[in-house]
Structures are given as C-alpha cells and as structure tokens.
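There are 2 protein chains.
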Amino acid sequence: MPELYAWEPEGPVIKTDIPGPVAIEEAGRLDKVFDIRSINMLTDYSKSFGNYIADPDGNILLDVYAQIASIPIGYNNPALIKAAQSPEMINGLINRPALGNFPPHDWDNVLKTGILKVAPKGLNQVFTAMAGSDANETAYKAAFMWKRQHERGGAHVEFTDSEIENAMNNQSIKMSILSFRAAFHGRLFGSLSTTRSKPIHKLDIPAFDWPQATFPKVKYPLEENVEYNREAEQKSLDEVEHLIKTWHLPPCAVIVEPIQSEGGDNHASADFFRKLRLLTRKHNVLLIIDEVQTGVGATGKFWAHEHWDLPEPPDMVTFSKKAQTAGYYYGNLELRPNKPYRQFNTWMGDPARALVFRAVIEEIERLGLVENTNKVGNYLYGKLEELGKKYPGQFNDLRGKGMGTFIAFDNPQRDAILKLAKKFGVNIGGSGASAVRLRPMLIFQEKHADILIDRLEKIINALK
Amino acid sequence: MPELYAWEPEGPVIKTDIPGPVAIEEAGRLDKVFDIRSINMLTDYSKSFGNYIADPDGNILLDVYAQIASIPIGYNNPALIKAAQSPEMINGLINRPALGNFPPHDWDNVLKTGILKVAPKGLNQVFTAMAGSDANETAYKAAFMWKRQHERGGAHVEFTDSEIENAMNNQSIKMSILSFRAAFHGRLFGSLSTTRSKPIHKLDIPAFDWPQATFPKVKYPLEENVEYNREAEQKSLDEVEHLIKTWHLPPCAVIVEPIQSEGGDNHASADFFRKLRLLTRKHNVLLIIDEVQTGVGATGKFWAHEHWDLPEPPDMVTFSKKAQTAGYYYGNLELRPNKPYRQFNTWMGDPARALVFRAVIEEIERLGLVENTNKVGNYLYGKLEELGKKYPGQFNDLRGKGMGTFIAFDNPQRDAILKLAKKFGVNIGGSGASAVRLRPMLIFQEKHADILIDRLEKIINALK
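Top line first, the protein sequences correspond to chains V and S.
For reference, each letter of the first sequence is one residue, going 1 to 464 in UniProt numbering.
For reference, each letter of the second sequence is one residue, going 1 to 464 in UniProt numbering.
Encoded structure:
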C-alpha cells in the first residue's frame with residue numbers, strides 16, 4: 001500500500017499540558033453559554049490533518065478515537081475539500097430541501113452514486129435521516145407499521161375509527177422492540193428505550209417497557225473458546241425466543257449491533273447472528289442491524305454484518321457516524337408504509353451530508369481503504385498480542401481479531417490510560433466499564449500502528 | 001424598502017403540466033429506491049432563485065410554502081453562496097466534530113455571532129441539535145432531569161441503587177410532558193407523544209400516556225371576539241391546571257406553539273400565553289415554546305413569543321426550520337443536568353448548518369427582513385381581507401393579522417386550491433383540515449404579494 005496521505009504530520013507533537021493555557025481560556029468562554037462538562041479536548045480543526053488532531057495550544061495527537069468513531073478518511077482530506085467546493089455541495093447547503101415533498105430532481109442519482117452504491121446486499125431502498133438515533137427510530141416506526149399491517153390483514157385494510165381514536169389519545173400500541181443488555185442505539189425516547197448501556201444515559205428519562213435479552217457472554221479469544229461461546233450464544237438465543245413468545249408487549253423487531261460498541265466492544269460469533277436471523281424469521285419478527293458505529297469499513301468489510309454470511313439479509317440496516325449522514329436501508333417493499341406521510345418529516349436528512357458520504361465512498365474505493373483497514377487491523381492486532389504477552393494483565397480480553405481496526409482490550413486502569421495517553425501524544429477512547437476501544441480512521445496505516453504501540457507501551461510503563 | 005433581490009425571475013413561468021414529462025420520468029426512477037408518495041413537486045434547485053421554485057420541466061412558481069416553511073432568505077441567495085464558499089464552512093463540512101467531546105476551539109465565537117446572537121430575551125444558553133424533533137426531545141429530557149433533581153433534593157444528591165436499577169429496566173419515570181390538542185412537535189417517539197395533529201402521524205406507533213389540553217377554540221378575527229375568546233382561553237387554562245394537578249403521570253413541562261402550525265394555524269391571544277406562563281410557574285412546571293415553525297422572523301418579530309410581552313421568559317425555546325439548524329435555548333443553569341453525559345450524543349448538531357444560520361442572521365439584519373415581513377405581512381393581510389369581501393365563503397377565518405406573513409384562511413375546497421395553484425404558477429401549502437397556510441420567505445415583497453393575490457383570485461374563479 002503506497003503512502004496514502006502525505007499531508008499529515010510525521011508524528012505527535014506535545015508542547016503543553018492538555019488542556020493548555022489557550023484551551024483553558026477558550027473553554028472558560030464557551031462554558032458561559034454551552035455545557036462543556038463532557039469536553040475531552042478543545043480542537044483546532046484547521047490544524048488537524050489525516051490521522052492527527054490538533055488543539056489550540058499547538059499540541060498534535062495521533063487520533064484513534066476519531067470523533068467517537070465518526071471521522072472516516074482523516075481531517076482536512078483533500079478529496080473532501082474538493083467535494084465541499086463543488087457547485088453541487090453549495091447547492092445542497094444553501095437550498096435545503098424538504099426531501100419528502102420537494103426532492104431535488106436528481107436525488108435518485110445522488111443516492112445511486114452515493115448512499116445506495118454501498119447498500120448492503122439485498123437492501124436496495126433507503127430512508128434518509130439525520131443521525132443514528134433518528135435512523136434507528138424511523139426504522140422502529142417502519143417495523144411497527146409493518147407488523148400492524150400484517151395483523152390488520154394487509155396494506156389495503158383501512159384503519160378503524162377506534163384505531164384512529166386510540167392513536168390520537170396515545171393509547172399505546174401493544175408491541176415492542178427487543179434489544180440486548182449493554183446495547184447502545186441512541187438517546188432519544190424510542191432509541192433510548194432500546195439502549196441498555198449505562199445508567200447515566202437513562203436516568204430520569206421515561207422509557208417504554210420493552211424487553212432486553214442478554215447479549216452472549218463470550219470468552220476471548222473467540223477462536224479458543226468456540227464450545228463455551230456456542231453455549232453462551234445458545235442461551236442468549238433461547239432468551240430472545242422466550243421474550244418473543246412471552247413478553248407482554250410482543251416484539252415486532254429485534255435490533256442488534258454487530259459488535260456492541262458503547263457497551264464495551266462485546267463480540268459474538270457469525271454463527272450467533274445467523275441463528276438470530278433464522279430465529280427472527282421463524283417468528284415473523286424483523287431483524288434490524290445497527291451499523292451506526294461498525295459500518296463504513298472499520299471492521300475490514302464495508303458493513304460488519306458481511307462477516308456473517310447470513311442465510312438471508314437483515315430486514316433493515318441503520319447507518320450514521322462515518323457515513324456523515326444517516327438512515328436505514330431496507331429491501332422488502334412491504335416496509336414502505338401503506339400510505340404517504342406515515343414515515344415523513346420536514347428535512348428527512350441533508351443532501352449536503354449525503355454528498356459528503358458520496359465523496360467518502362469514492363475515496364474509500366479509490367484507495368482500497370476497506371482492504372487497508374483489514375490489513376492494518378491484522379498488523380495492529382498482532383502487535384497488541386505481543387504487547388499483551390510482554391505485559392500480562394494489561395491487555396486483557398484482546399478482541400477484534402480479523403475485524404479490521406475495530407479492536408479493544410480491557411485494562412484495570414482504563415481511565416488513567418486514556419488520560420495519560422494525551423501526554424504521550426495519542427487520543428484514545430474507552431467503552432463499557434474497562435475497555436480501551438481503538439477506532440482509528442480508515443486511513444490508519446502500519447506506521448501509525450507502530451506509533452500507537454510504542455505509546456501504549458510507554459503509558460503502561462508510566463502507570464506501573 | 002429597496003429591491004431586495006434582483007436575481008430572481010420577474011414572475012411565474014408555466015410551460016407544462018406539473019408534473020411535466022421530465023419530472024414524471026425522473027420521479028419514476030427515484031421511486032425505485034426511495035418512497036416518493038409524499039412528493040409535492042420534483043425540484044430543480046439550481047434553477048430556483050429567490051422566491052421562485054423551479055421544476056425540471058422549466059416551470060417556475062412563486063413559492064409561498066418554502067420547503068414547509070423552512071427556506072429563510074430565498075433560493076440560491078448570493079449571501080449564502082458566499083458563506084458556503086468560506087474556509088470556515090468547508091472546515092465545518094469536512095471535519096465534522098463530536099461537539100460535546102471535541103468542540104472546535106472557536107465554537108463559542110460561532111455561537112455568539114450566530115445562534116446566540118438572536119437568543120430570545122433571558123435565554124443565553126443553547127443545546128444544539130439536528131432538527132425540530134430532537135430539539136424538542138432533548139428539551140423534554142432536560143425538563144425530566146430538572147424535575148427529578150428537584151424531587152431528589154438538589155444537584156448534589158446522588159442517584160440511589162434502585163433508581164439506577166429501575167432506569168436500566170425501563171421502569172418508567174412517572175412524569176409527562178403536557179401538550180395541546182392539534183399540536184405538532186415532531187415525529188420521533190417522545191415528540192410524537194406530544195404531537196396531536198393528525199392520525200396519519202400517529203397510527204401504529206407506541207406513545208407515552210401523556211396528557212393533552214384543548215387549545216383555545218377562538219373566533220376570528222381575534223380583535224372582534226375578545227370577550228368570547230377570553231372565555232375560551234380561560235377554559236383551556238383551567239384544563240391545563242386540572243391536568244397538571246390530576247394526571248396520573250404529572251407533567252414536568254408544558255410545550256406549546258405560538259401558533260399551532262401543522263394543526264391548522266390556530267391562534268390564541270398574548271393574554272393566554274402570559275397566563276400560561278404564570279400558571280406553569282405557579283405549579284413549578286416548565287414552559288417550552290416550540291418556535292420550530294414560527295421562529296426566525298416570519299411573524300414580524302424574530303421569535304413569535306416576543307409578541308406576548310411575557311412577565312418572565314419561557315424556560316426553553318426550541319428552534320429549527322428557517323434556522324437551518326436546531327436546538328433549544330434556555331437561561332436557567334439548573335437546566336444543565338447535574339452530571340456530564342446526561343444530555344449528550346455524538347454530533348449534537350452540525351457546525352456547517354450553524355454557519356448557514358449565522359449567514360442567514362447576517363442577511364436578515366443587513367436587509368431588515370423582520371421589519372420587511374411585518375410590513376409586507378400587513379399589506380398581504382389587507383389584500384386578503386379585500387378578497388374575502390369580494391368572494392364570501394372563500395377566505396374564511398382569515399388569521400395572522402399583525403403576525404407578519406404568517407397568514408392562513410380556510411376554504412371548503414382547500415385541496416383543490418392547492419392543486420390548481422400550480423397551474424397558476426404558485427406553490428402553496430395547507431395545514432389542518434381546511435386551512436391554506438401562507439409561509440412565504442422573509443424576502444417576500446409587496447410585488448410578490450400582488451402576484452399571489454392575483455393568482456388566488458384566478459384560482460377561486462376557476463373553481464367556481
């Protein structure tokens with residue numbers, strides 16, 4: 001693989017503590033009008049390039065967190081600059097359409113050369129949205145309408161007066177979406193009802209009484225614990241089936257992440273997901289794959305669920321983050337509600353952001369970045385394995401083998417590692433209770449992996 | 001007022017039926033991958049200028065619907081083209097930040113020269129969002145957390161184990177958001193629970209069992225029915241108070257639109273809203289004003305609630321549409337949750353769209369467009385009154401006097417009017433059961449009003 005991006009710095013540059021004096025002053029100003037208590041690092045995007053993120057004090061860090069796994073092909077990517085300057089982009093930015101009412105006359109072309117060019121196999125339709133949360137929620141809405149339509153007897157059957165009256169009085173539909181323990185699917189009211197990651201996400205917010213199944217409690221490395229894991233996965237599948245059959249609000253859909261990301265990088269085998277697909281089909285329940293964090297190349301496939309060789313496609317796949325836009329893919333036309341305006345909102349996405357995704361896709365294809373992620377991921381995983389042998393107890397439950405750069409490990413001093421990492425010139429994120437999650441961009445190369453490994457070793461030694 | 005925009009066409013141009021042959025062909029292609037049953041008109045944005053919207057068949061219509069009231073200062077506005085080409089915009093587009101974790105170091109400046117420059121009186125804080133629905137839902141979340149914190153005894157009181165367990169098990173918080181009959185606040189699960197406009201929005205979608213009060217059933221013109229309306233408004237206020245006191249899930253907030261827009265352009269007096277402010281304060285319930293459709297100048301004030309001369313500010317004001325971005329304003333720092341990450345998501349808005357809003361604000365100020373809307377609105381209202389006298393029964397319940405161009409009337413053949421309007425070169429929207437709602441852009445001038453009046457008269461005659 002040739003040098004992908006010559007426009008980034010040689011390596012990290014640390015000039016001050018982080019936050020430095022300028023960042024402290026600027027954050028103080030911002031705090032007066034904007035809640036900044038979740039700030040990780042004030043950023044100077046004009047000085048961030050490729051895999052490197054800069055702060056206003058002149059510090060430059062290798063970024064393997066990438067805006068919570070949402071920067072696809074590097075900061076200030078020349079290909080994106082070019083796309084941003086195009087007449088099409090300017091048009092999309094300044095003439096923001098209500099896509100459901102007044103779509104641009106060439107919207108089909110924008111979709112086909114962009115969002116739909118990378119549609120998962122079997123899913124050639126899209127409903128566009130703004131971000132991960134509403135992508136999932138509109139998918140849920142499609143699921144509820146689909147299920148009720150089946151119950152009602154088909155698309156041609158009209159709503160009854162009492163259905164209409166109940167709807168206007170919020171008399172709740174007796175159905176649910178089933179999700180997994182430790183799942184993260186967003187933080188609006190419907191999506192948050194399926195999010196089961198951390199209490200801080202959910203405290204004080206009303207939620208629907210929807211069911212949760214245990215995500216398989218597997219042992220790592222997966223390939224050394226096949227028998228044990230198969231049992232854990234079967235237990236989880238049995239629980240899903242039990243909930244489908246018995247929950248007081250029957251699920252019309254199951255939503256699952258290919259790898260539980262916010263919840264701590266929890267994996268399961270391809271076999272588990274194949275069986276989940278068959279199980280949901282058996283009970284006439286939809287399967288929604290949430291690829292908001294796993295999608296767009298990071299796992300060494302464009303979509304993580306391509307690793308599974310499913311017997312038939314999922315019913316819907318949701319996307320956001322690295323796509324820079326959002327929505328859900330589907331294939332079955334029954335998932336289009338039976339009347340217009342049932343799935344609708346003013347903007348229904350953002351053409352400007354759809355054009356950014358198109359430019360991202362073009363760059364991924366031009367440079368073979370999915371293959372790059374696969375190759376560099378294997379390299380990085382091998383180096384981490386070595387480090388794990390050298391420092392026992394420091395790289396626990398290393399996971400993500402063969403899943404591109406979507407790699408994580410647990411460490412008892414996780415929070416201290418993340419904090420100290422900045423001193424050593426790397427920006428790293430965590431997930432779950434004790435996981436260090438690596439989420440480099442798709443342009444991450446072996447030379448960056450070497451820097452990361454070097455710094456991780458220094459951090460571990462500094463924490464001793 | 002000088003000629004605002006010399007770059008728009010002289011008037012409508014109708015060359016074909018709408019949809020014409022090109023639109024039909026292009027829509028057919030789009031239909032294969034994107035649900036188009038709610039299409040109003042396929043649009044060629046590159047040929048739309050100022051108040052005029054173009055289709056791919058060369059038809060050009062005076063647009064008084066403006067992307068469901070969301071285009072602020074005209075298609076292909078030169079000031080926005082300039083903003084779109086700025087290095088800052090390109091930066092915002094291609095380096096999309098996770099605003100809560102890694103805000104741009106000059107984010108406070110972007111806010112202060114943009115979104116916060118026009119903050120409603122008393123509300124100097126903002127939480128940024130993606131669109132109207134999540135703006136409202138994050139405001140609801142802030143309300144729930146605020147109320148529970150009060151009940152808990154303050155920001156310093158820690159969550160109990162049982163609170164944490166209940167949250168993780170979706171054991172629903174026993175509180176609600178109160179909204180009004182015929183209200184529209186969005187279509188995700190929480191916002192849809194407060195939306196009470198049309199069954200088609202709500203059918204088959206689970207909703208929280210939250211209360212709705214009757215929006216005052218006033219008579220128009222408001223100024224000729226003061227006594228009657230005061231009684232209707234008092235009845236509504238009494239109902240609000242009754243629901244606050246008795247609903248099984250007590251409301252922690254009331255949300256209301258200054259003018260119910262999707263619900264049919266329903267007005268109430270300033271006195272009603274002043275009393276609603278006092279009533280909610282009395283019961284320690286928050287008041288959220290949903291200015292998604294009414295905000296940003298269309299009513300002859302920047303925010304419609306400025307018409308009311310409130311005794312104290314609302315607790316939160318939500319915005320989107322003409323702002324081209326979204327969020328909620330607040331002033332009371334108690335509305336910042338007591339811990340970080342309680343109100344959080346990956347993107348928390350979009351800096352590129354915040355920069356578009358800033359450019360919109362600059363243009364509004366440079367050209368005095370709020371005053372323009374006020375003046376042209378009065379002119380248009382007068383002309384519609386005249387038309388109403390000339391055609392009895394055709395312009396019923398004309399409303400929006402003194403509310404800029406935010407004007408509506410009822411017509412028994414509303415749907416036929418909207419359809420026929422395109423033949424006569426105007427693009428008009430409806431709301432509620434029988435309202436024609438006028439939502440021109442802020443650059444709408446008397447000459448456009450003259451065209452609109454001329455076409456409305458032609459349409460009425462054609463329908464006779």
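Glycine residues also receive a C-beta, built at the ideal position from the N, C-alpha and C atoms.
Keep in mind that this is a model prediction, so the values were computed, not measured.
Report back the beta-carbon spacing between residue 84 of chain S and residue 80 of chain V to the nearest angstrom; my notes put them in contact at under 8 Å.
For a cut-off of 8 Å, the C-beta gap from residue 84 of chain S to residue 80 of chain V is around 15 Å, too long to register as a contact.
Name the residues in the stretch 209–242 of chain V whose C-beta lies less than 7 Å from a C-beta of chain S; which are they?
Within the stretch 209–242 of chain V, the residues whose Cβ lies closer than 7 Å to some Cβ of chain S are 209, 210, listed in chain order.
Mind checking the stretch 141–171 of chain V against chain S and listing, in chain order, the residues whose C-beta falls within less than 7 Å of any C-beta there?
For the stretch 141–171 of chain V, the set of residues with a beta-carbon nearer than 7 Å to any beta-carbon of chain S comprises 141, 144, 145, 148, 159, 163, 164, 167, 168, 170, in chain order.
In chain V, what lies closer than 9 Å to residue 323 of chain S by C-beta?
For residue 323 of chain S, there are no neighbours in chain V by C-beta distance under 9 Å, as the nearest C-beta there is about 11 Å away.
Judging by CA-CA distance, which residue of V:186, V:61, V:34 is the nearest neighbour of residue 11 of chain V?
For residue 11 of chain V, the closest C-alpha among the options V:186, V:61, V:34 is that of V:61.
Decide yes or no for the touch test of the stretch 95–103 of chain S against the stretch 41–58 of chain V: beta carbon pairs closer than 8 Å, at least 3 of them.
These segments touch.
Whether residue 199 of chain V touches residue 173 of chain S by CB criterion (8 Å):
Contact flag unset, no.
Check whether residue 409 of chain S and residue 118 of chain S have beta carbons under 8 Å apart:
No, the Cβ-Cβ distance between residue 409 of chain S and residue 118 of chain S is not below 8 Å.
Report yes or no: is there a C-beta of chain S within less than 8 Å of the C-beta of residue 193 of chain V?
At least one chain S Cβ lies under 8 Å of residue 193 of chain V.
Partner residues on chain V for residue 105 of chain S, Cβ-Cβ distance less than 8 Å
In chain order, 22, 23, 26, 42, 43, 44, 55, 56 make up the part of chain V whose C-beta sits under 8 Å from the C-beta of residue 105 of chain S.
Sequence-distant residues of its chain with Cβ nearer than 6 Å to residue 363 of chain V (five each side left out)
Cβ neighbours of residue 363 of chain V beyond the five flanking positions: 73, 79.
Would you mind reading off the limits of the beta strand (DSSP E) that contains residue 316 of chain V?
Membership of residue 316 of chain V in the beta strand (DSSP E) is indicated by the continuous run 316–319.
Residue 106 of chain S - DSSP class collapsed to helix/strand/coil
It is coil, neither helix nor strand.
In or out: residue 219 of chain S buried (at least 16 other Cβ within 10 Å) or exposed?
By the neighbour-count rule (16 or more Cβ atoms within 10 Å), residue 219 of chain S is not buried but exposed.
For residue 343 of chain V, go through chain S and note every residue whose CB falls closer than 8 Å to its CB, in chain order.
Close to residue 343 of chain V, with beta-carbon spacing below 8 Å, are these residues of chain S in chain order: 35.
Reduced DSSP secondary structure (H/G/I, E/B, other) of residue 44 of chain S:
In the structure shown, residue 44 of chain S adopts coil according to DSSP, grouped into three states.
Chain V contact residues for residue 190 of chain S, given Cβ-Cβ distances below 9 Å
Within chain V, the C-beta atoms nearer than 9 Å to that of residue 190 of chain S come from 188, 189, 190, 192, 205, 206, in chain order.
I need the DSSP call for residue 220 of chain S, collapsed to helix, strand or coil.
Reduced to three states, the DSSP call for residue 220 of chain S is coil.
Any C-beta of chain V sitting closer than 8 Å to the C-beta of residue 111 of chain S?
Closer than 8 Å to some Cβ of chain V, the Cβ of residue 111 of chain S qualifies, so yes.
Burial state of residue 308 of chain V (16 or more Cβ within 10 Å)
So residue 308 of chain V counts as buried.
Hey, is residue 365 of chain S's beta-carbon within less than 8 Å of any beta-carbon in chain V?
Taking Cβ atoms only, chain V never reaches closer than 8 Å to residue 365 of chain S, which makes this a no.
Could you pull the DSSP bridge partners for residue 213 of chain S from this structure?
DSSP, once it has assigned bridges, lists S:180 as partnering residue 213 of chain S.
Count the other C-beta atoms from every protein chain shown that fall within 10 angstroms of the C-beta of residue 17 of chain S, then say buried if there are 16 or more, exposed otherwise.
Counting other Cβ atoms within 10 Å of its Cβ, residue 17 of chain S stays below 16 and is therefore classed as exposed.
Please state the DSSP three-state secondary structure of residue 76 of chain V.
Three-state DSSP puts residue 76 of chain V in coil, outside helix and strand.
What do you get for residue 358 of chain S, buried or exposed, if any count of 16 or more other CB atoms within 10 angstroms of its CB means buried?
That one is buried.
Residue 131 of chain V versus chain S: which residues are under 8 Å apart at the beta carbon?
Per Cβ cutoff of 8 Å: 130, 134, 345, 346, 347.
Whole runs of the alpha helix (DSSP H) within the stretch 121–208 of chain V, excluding any shorter than 4 residues
Segments of the alpha helix (DSSP H) lying fully in the stretch 121–208 of chain V: 132–152, 161–168, 189–194, 199–202.
Exposed or buried, which one is residue 70 of chain S when buried takes at least 16 other CB atoms within 10 Å?
The Cβ neighbour count for residue 70 of chain S, taken over all protein chains shown within 10 Å, is at least 16; the residue is labelled buried.
What is the DSSP secondary structure of residue 397 of chain V, reduced to helix, strand or coil?
Strand, per DSSP.
With a threshold of 8 Å on Cβ separation, who are the neighbours of residue 274 of chain S within its own chain once the five nearest residues in sequence on each side are excluded?
The beta carbon of residue 274 of chain S lies closer than 8 Å to those of 308, 309, 310, 311 in the same chain, with the five residues before and after it left out.
If the criterion is Cβ atoms closer than 8 Å, does the pair residue 39 of chain V and residue 54 of chain V meet it?
Not closer than 8 Å, so no.
For residue 56 of chain S, which of helix, strand or coil comes out of DSSP?
DSSP places residue 56 of chain S outside both helix and strand once states are collapsed to three, so it counts as coil.
Could you tell me whether the Cβ of residue 86 of chain V comes closer than 8 Å to any Cβ of chain C?
Protein chains V and S are contained in the structure displayed, whereas chain C is not.
Taking C-beta to C-beta, are residue 355 of chain V and residue 443 of chain V nearer than 8 Å?
It is not a contact, given that the beta carbons lie outside the stated cut-off.
By how many angstroms is the C-alpha of residue 113 of chain S removed from the C-alpha of residue 353 of chain S?
Their backbone Cα atoms lie some 14 Å apart in a straight line.
Work out the CA separation of residue 324 of chain V and residue 111 of chain V for me, nearest whole Å.
Residue 111 of chain V and residue 324 of chain V: Cα-Cα distance of roughly 14 Å.
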